[in-house]
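Here the sequence shown stands for residues 115 to 249, where the numbers follow our numbering.
C-beta atoms are modelled at their ideal positions from N, C-alpha and C, and glycine is treated no differently.
Bear in mind the structure is a predicted one, so any value in this text is a computation, not a measurement.
Everything below concerns the one structure shown next.
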Amino acid sequence: MENEVVQFFVPLKKLPTVTHQEKKVHVVKGKPVFYEPDDLKKARTLYMGMLSEFKPKQKLKGAIRLTLKFLYYRGKSHYDGEYKVTKPDLDNNIKLIQDCLTKLGFWEDDRFVASLIIEKFWAEVPGIFVRIEKI
Numbered sequence: 115m116e117n118e119v120v121q122f123f124v125p126l127k128k129l130p131t132v133t134h135q136e137k138k139v140h141v142v143k144g145k146p147v148f149y150e151p152d153d154l155k156k157a158r159t160l161y162m163g164m165l166s167e168f169k170p171k172q173k174l175k176g177a178i179r180l181t182l183k184f185l186y187y188r189g190k191s192h193y194d195g196e197y198k199v200t201k202p203d204l205d206n207n208i209k210l211i212q213d214c215l216t217k218l219g220f221w222e223d224d225r226f227v228a229s230l231i232i233e234k235f236w237a238e239v240p241g242i243f244v245r246i247e248k249i
């Protein structure tokens, strides 16, 4: 069985630090209404635009391994490849990008992501590395 793989790197000078967790809520007629603040909308638009270039012709089906590596510009304080141990938290970081990948049709539904590898580093070239493979 041949492995299906989609892999790419998107250079980004400044990675969004806003997370999916930052949705807002207000009450209308006694019921909660959730909405996205402007900076979250901008991050979603950025991700949708940059990820759409790499969308496969057909959705990957079955069990999927998603590898995400967030590379933040290292500046003068860190070395290339050093793990980043400051905010944003990785678990918050992935939800927005995973939702965008689902919406764009990389796979049928994010429930098929059976393996998730996520890392964040300081790097000379900032951006996001994405690898999606059928397992």
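Discussion item. Could you check whether the region 153-173 touches the region 117-126, counting it as contact only if at least three pairs of C-beta atoms, one from each stretch, sit closer than 8 Å?
Written reply: yes
Worksheet entry | Closest residue to residue 202 among 217, 232, 214 and 178 (Cα-Cα distance) | 232
Fill in: Unbroken beta strand (DSSP E) run spanning residue 200, endpoints
From DSSP, residue 200 is part of no beta strand (DSSP E); its letter is neither H nor E.
Discussion item. Taking DSSP's pairing of strands, which residues face residue 186 in a bridge?
Written reply: 236
Discussion item. According to DSSP, simplified to helix, strand and coil, what is residue 229?
Written reply: strand
Discussion item. In whole angstroms, give me the CA-to-CA distance for residue 221 and residue 176.
Written reply: 9 Å
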